[in-house]
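Those sequence lines, one after another, are chains H and W. Those letters in the first sequence? Residues 6 to 320, per the working numbering, in order. Those letters in the second sequence? Residues 240 to 666, per the working numbering, in order. First comes the structure, then the notes that go with it.
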Amino acid sequence: MSNGTLTRTATPVTRSTGADPRRKRRSGRRGASMNLMYLPAVALLGLFVFVPLVQGVELAFSNWNGYSPDKTFVGFANFAQLFTDTTFHTALLNTLLFGFGCTALQQILGFGLALVLDGTGKARSVARSAIYLPVLVSPVVMGMMYYLLFQYDRGALNDIMIGLGLDRVAWLSSGTSALAIIIIINTLQFVGISMIIYLAGLQGISPEIYEAAALDGASGWRMVRSITMPLLKPAFVSSLIINLIGGLKLYDVIQVLTGGGPGYSTNSVSTLIGRTYFGQQAAGYASAMGIALLILIAIFSIFLVRRMDRSGKDA
Amino acid sequence: MKLTPVARRATMITIGALTLSLAVTGCSRGDATGGDATGGDDTMQFFLNMGSDTPDYVAFSEIVDEFEAETGYKIQVTAEASTFENNMKVRLAADNVPDLFSTHGWSLLRYSEFLEPLDDQAWSEDVNPALDSAMRDDEGEIYAFPGETNVAGILYNGDVLESIGVDPASLTTWDAFNSAAEKVVATGTPAIFAAGKDQGPIGHVADHLAVDLYDDDQKQETIDGTFVAEPMSEMLTVVQEWTDKGYFNKDYSSASQDDMARALADGTTAFEFQGTALLTQALAYNPDANVGFLPLPSATGGENYLVGGEGNNSFGVSKTSAHKEEAKEFLAFLAEPDNAAKLAEAAGSAPGLIGVDVDFGVLAPSYEKYVTSGTTPIAPYFDRVYLPNGAWDTLVAVTDSIVTSQSSVEAATAQMARQYDTLYGQQ
């Protein structure tokens, strides 16, 4: 009950925004110093990626021989030559073959291996490790090992054939068989990457989805097709990008196994760049090939990354 | 232990700076074998084009050791075989030129702008005149010390020829050669062994044939900027015919130059087209191998000939070297008769200087008959003199594409013509 006098009760004044200016200044200084931490990585990237890239583009417009102090500007002549050079066309086709051919095989085999080896158990664990092990081997070593296998004289495979009473086979003397061997080597070496990516994807799928599908009568291949594969789309795109870029850049195995031969038949754009730069002393033209390869890989990468973004949103 | 913000920041900056400096040290212009590649300290850098497991390297190392003991100078030798040429180009481009380096036949046409002229050296007057066209410029200047006079022809295994009843000395025409090759193939042995994997040896087949098929006018046209296609087609047609007749080894695409030496040593082939240094390698595998070499028959009615010029073991001094005088002293040491003979014998080649007596061993009959006697003309390497710098690789590739049936003679000739125009335009 009021006694007729007004009583003012002091209420604490609260500000609607709570940012302490001192905290804001500290946060700003922390942000600036964190940006400084990027500097070494940015510097390394600039020094080893962007500077050579710019120099490579500059070279592509010259007819430099690779070692003289003199370079002459030739405009777009090197790029124009790409359109008429049948050797480059062969290398480009081979590059696409290595890229897409190896990738397709790696996805099929990698997915199959992931399905079979998903789960616990020592045997599965050992098998996964064994399949992944070649990924850790240098491609140069891989190429040498297979060269010793497929060599005509003193090669292990031909020695086995002689032991079985068969004639030796010149495995690497035909462009077709040599290309097939390169694809097989690259596929076997890096199928472990696909397998690991798919395994990670499989482990992210909730078992309840499979239980629900089983209740609806689905089983075996139907489950794989209707549940597993759709849910593995992000993994598929990741694996595709990694393997495709690797296949498009293939160099070491080809160089060691065939050197791009017989003739020019197994050259990729990467090996042809090396041969053009050093062997033919046409560094400018080789740089133009490098720019072309960069554009090719960039187009595929951008397309696949956008696809991956869309798949991620759909999921 | 919890760091204060300042300490944390300082730690991160330090780690970042250390990482960056570690990475930048990888960009050091120091030589991979240690020391400043330009010879800025007391050690001369010598970049050699030879395998470290070859007789040449053994002989060379002994000479270097003697020189160091006598003079007190230090020489750091880096030997590379298959990667030498590419690495040398990288070093030239990076202005990281070693004090001394092998010029492997290209002292005049490729490396002269980087080399110190050596005409004022006492040994330059004794250079084998056969090397003048390959090693001296129009003013007579020479840019490298010739450790050998490279000689190439048809290398043969005498036991294989004896088994089919053929005397090597009778192979003075291509008809006789082809007849012998047919007999060899009939025994199941490849008549001609070449190494496709190493992307070089098959080019020697082309080089050796082409220098005879081009006449003097055509050679001059080629020097002056016009590619003459007909003799090139003729040369590739010969290779095509040999391929069709099954003369080449079945494992051509995967065979290496080492396999070539072994084939000669083991008697699993009759003929090879290469420099005589390969015979030394074959003898290293089998000292009892019955091997020798022959001149190439002329297909145009001229004299039978050998091919030769500046060899692999020729050495120049970088004009930017900080040890020019010491390097020249070393070349003068190499020029001493005993050392010059040692180098040539190890390479299985004729000496680069006159007045040097070389013991050719089992190759003596071939050398005395065809080289020392002076009766057989020595033609220069076709690609080095008549084709633009860099055309060798294309010559190898087009010839290889014929042997492997990847291309026709017409297409291969057209490719050679295209590349000739491109490379000539670079000069």
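Cβ coordinates follow ideal geometry from the N, Cα and C atoms, glycine included. In this text the structure is predicted, and so the values were computed from the model without any measurement.
For GLY295 (chain H), which of H:LEU114, H:TYR215, H:GLY61 and H:LEU153 has the nearest alpha-carbon? Stepping through the first sequence from its first residue, residue 295 (chain H) is reached at position 290. Comparing Cα-Cα distances from GLY295 (chain H) to each of H:LEU114, H:TYR215, H:GLY61 and H:LEU153, the minimum goes to H:GLY61.
Pairs of beta-carbons, one from the region 536-544 of chain W and one from the region 190-208 of chain H, closer than 8 Å: are there three or more? no
Is there a Cβ of chain W sitting closer than 9 Å to that of TYR256 (chain H), yes or no? The residue given as residue 256 (chain H) occupies position 251 in the first sequence. No, no contact with chain W.
Decide if TRP226 (chain H) is buried, meaning its Cβ has at least 16 other Cβ atoms within 10 Å, or exposed. For the purposes of this step, residue 226 (chain H) is taken as the residue at position 221 of the first sequence. Under this definition TRP226 (chain H) is an exposed residue.
Using a Cβ-Cβ distance cut-off of 9 Å, determine whether MET251 (chain W) contacts chain H. Stepping through the second sequence from its first residue, residue 251 (chain W) is reached at position 12. With 9 Å as the cut-off, MET251 (chain W) counts as an interface residue toward chain H.
Assigned exposure category for GLY273 (chain W) - 16 Cβ within 10 Å defines buried: Taking the second sequence and counting its residues from 1, the one referred to as residue 273 (chain W) is at position 34. Only weak support exists for where GLY273 (chain W) lies, its pLDDT of 38 falling under 50; the value from the coordinates is given anyway. Per the 10 Å Cβ criterion, exposed.
Would THR614 (chain W) be called buried (16 or more neighbouring beta carbons within 10 Å of its own) or exposed? As a working mapping, residue 614 (chain W) is identified with position 375 in the second sequence. It is exposed - the Cβ of THR614 (chain W) has fewer than 16 other Cβ atoms within 10 Å.
Range covered by the beta strand (DSSP E) that runs through SER199 (chain H): The residue you call residue 199 (chain H) lines up with position 194 of the first sequence. Not the beta strand (DSSP E): SER199 (chain H) falls in the alpha helix (DSSP H), residues 180-208.
Counterpart residues of VAL390 (chain W) in DSSP-defined beta bridges: One-based indexing of the second sequence puts residue 390 (chain W) at position 151. DSSP output for VAL390 (chain W) lists W:GLY547 as bridge partner(s).
Can you name the residues of chain H whose CB is closer than 7 Å to the CB of TYR491 (chain W)? Counted from its first residue, the second sequence places residue 491 (chain W) at position 252. SER178, listed in chain order.
Specify the secondary structure class of ALA276 (chain W) as computed by DSSP and reduced to three states. Locating residue 276 (chain W) in the second sequence gives position 37, where the first residue counts as 1. At ALA276 (chain W) the pLDDT is 43, less than 50, meaning the model places this residue with poor confidence; the figure from the coordinates comes in the next sentence. Three-state result, ALA276 (chain W): coil.
Is there at least one Cβ from chain W nearer than 9 Å to PRO57 (chain H)'s Cβ? Mapped onto the first sequence, residue 57 (chain H) falls at position 52. By this cut-off, PRO57 (chain H) is not an interface position.
For ASN543 (chain W), would you say it is in contact with chain H, using Cβ-to-Cβ distances shorter than 9 Å as the test? Counted from its first residue, the second sequence places residue 543 (chain W) at position 304. Not an interface residue.
Using a Cβ cut-off of 8 Å, pull out every chain W residue sitting near GLY295 (chain H), in sequence order please. Residue mapping note: residue 295 (chain H) aligns to position 290 of the first sequence, counting from 1. Neighbours of GLY295 (chain H) on chain W: none; closest Cβ ~16 Å, over 8 Å.
Helix, strand or coil at ARG375 (chain W) [DSSP, three-state]: Within the second sequence, residue 375 (chain W) is the residue found at index 136, counting from 1. If DSSP states are grouped into helix, strand and coil, ARG375 (chain W) belongs with the strands.
Please list the partners that GLN156 (chain H) has in chain W, where partner means a Cβ-to-Cβ separation under 7 Å. Within the first sequence, the letter at position 151 stands for residue 156 (chain H). Within 7 Å Cβ-Cβ: SER493.
For chain W, find out if any of its Cβ atoms is closer than 9 Å to the Cβ of HIS70 (chain H); answer yes or no. Position 65 of the first sequence, counted from the first residue, corresponds to residue 70 (chain H). Per the sequence shown, the amino acid found at residue 70 (chain H) is Asn instead of His. At least one chain W Cβ lies under 9 Å of ASN70 (chain H).
Quick one: using the 10 Å Cβ neighbour count with 16 as the cut-off for buried, is PHE103 (chain H) buried or exposed? Stepping through the first sequence from its first residue, residue 103 (chain H) is reached at position 98. Buried.
Sequence-distant residues of its chain with Cβ nearer than 6 Å to SER647 (chain W) (five each side left out): To locate residue 647 (chain W), count along the second sequence from 1; it is residue 408. Contacts found: none.
Alpha carbon to alpha carbon, how far is ASP622 (chain W) from ASN272 (chain H)? Give it in angstroms, no decimals. Along the first sequence, read from residue 1 onward, the residue named residue 272 (chain H) stands at position 267. Along the second sequence, read from residue 1 onward, the residue named residue 622 (chain W) stands at position 383. Roughly 24 Å separates the two Cα atoms.
Same chain, Cβ closer than 8 Å to GLY284 (chain H), five either side skipped, listed in chain order: Residue 284 (chain H) sits at position 279 when you count from the first residue of the first sequence. So no residue of the chain qualifies.
Show which residues of chain W have a CB atom less than 7 Å away from the CB atom of PRO267 (chain H). Stepping through the first sequence from its first residue, residue 267 (chain H) is reached at position 262. For PRO267 (chain H), the neighbours in chain W by C-beta distance under 7 Å run, in chain order, GLY435, SER492, ASP639, THR643 and GLN645.
Taking Cβ positions, are ALA566 (chain W) and MET283 (chain W) nearer each other than 9 Å? Start at 1 with the first residue of the second sequence, and residue 566 (chain W) comes out as number 327. Start at 1 with the first residue of the second sequence, and residue 283 (chain W) comes out as number 44. Yes, Cβ-Cβ distance for ALA566 (chain W) and MET283 (chain W) is below 9 Å.
At least one CB of chain W closer than 9 Å to the CB of TYR215 (chain H): is that the case? Counted from its first residue, the first sequence places residue 215 (chain H) at position 210. Chain W contact via Cβ: absent.
How do the region 296-312 of chain W and the region 512-519 of chain W stand: do at least 3 beta-carbon pairs fall below 8 Å, yes or no? Three or more beta-carbon pairs separated by less than 8 Å are not found between the region 296-312 of chain W and the region 512-519 of chain W, which leaves the two stretches without contact.
Where VAL477 (chain W) falls: helix, strand or coil (DSSP): One-based indexing of the second sequence puts residue 477 (chain W) at position 238. Taken through DSSP and simplified to helix, strand or coil, VAL477 (chain W) comes out as helix.
Consider the Cβ of TYR151 (chain H): report whether some Cβ of chain W lies at a distance smaller than 9 Å. Reading the first sequence from its first residue, position 146 is the one you call residue 151 (chain H). For TYR151 (chain H), the answer is no, since every Cβ of chain W falls outside 9 Å of its Cβ.
Hey, how far is the Cα of GLY439 (chain W) from the Cα of SER231 (chain H)? Locating residue 439 (chain W) in the second sequence gives position 200, counting from the first residue. Locating residue 231 (chain H) in the first sequence gives position 226, counting from the first residue. Going from the Cα of GLY439 (chain W) to the Cα of SER231 (chain H) covers about 56 Å.
Looking at the unbroken beta strand (DSSP E) that takes in PHE554 (chain W), where does it start and where does it end? Position 315 of the second sequence, counted from the first residue, corresponds to residue 554 (chain W). Unbroken beta strand (DSSP E) run through PHE554 (chain W): 553-556.
Buried versus exposed call for THR95 (chain H) [16 or more other C-beta atoms within 10 Å across all chains shown]: Locating residue 95 (chain H) in the first sequence gives position 90, where the first residue counts as 1. Result: buried.
Determine whether the Cβ of TRP677 (chain W) lies closer than 9 Å to any Cβ atom of chain H. Since the first and last residues shown for chain W are 240 and 666, residue 677 (chain W) lies out of range.
With a threshold of 9 Å between beta-carbons, can SER267 (chain W) be considered close to chain H, or not? Taking the second sequence and counting its residues from 1, one reaches residue 267 (chain W) at position 28. Any reading at SER267 (chain W) must be qualified, since the residue scores a pLDDT of 47, below 50, and its modelled position is unreliable; no value is offered.
Check for me: the beta strand (DSSP E) holding ILE250 (chain H) runs from which residue to which? For the purposes of this step, residue 250 (chain H) is taken as residue 245 along the first sequence, with counting starting at 1. Counting along the chain, ILE250 (chain H) falls outside any beta strand (DSSP E), though it belongs to the alpha helix (DSSP H) covering 238-253.
Secondary structure at PHE432 (chain W), three-state DSSP: helix, strand or coil? Numbered from 1 along the second sequence, position 193 holds the residue referred to as residue 432 (chain W). Coil.
At the 9 Å Cβ level, is MET42 (chain H) part of the contact set with chain A, yes or no? Going by chain labels, chain A is absent from the structure shown, which instead holds the protein chains H and W.
In its own chain, which residues sit with a C-beta less than 6 Å from the C-beta of ASP456 (chain W), not counting the 5 before and 5 after it? Within the second sequence, numbered from 1, the residue matching residue 456 (chain W) stands at position 217. Excluding sequence neighbours, ASP456 (chain W) sits near nothing in its chain.
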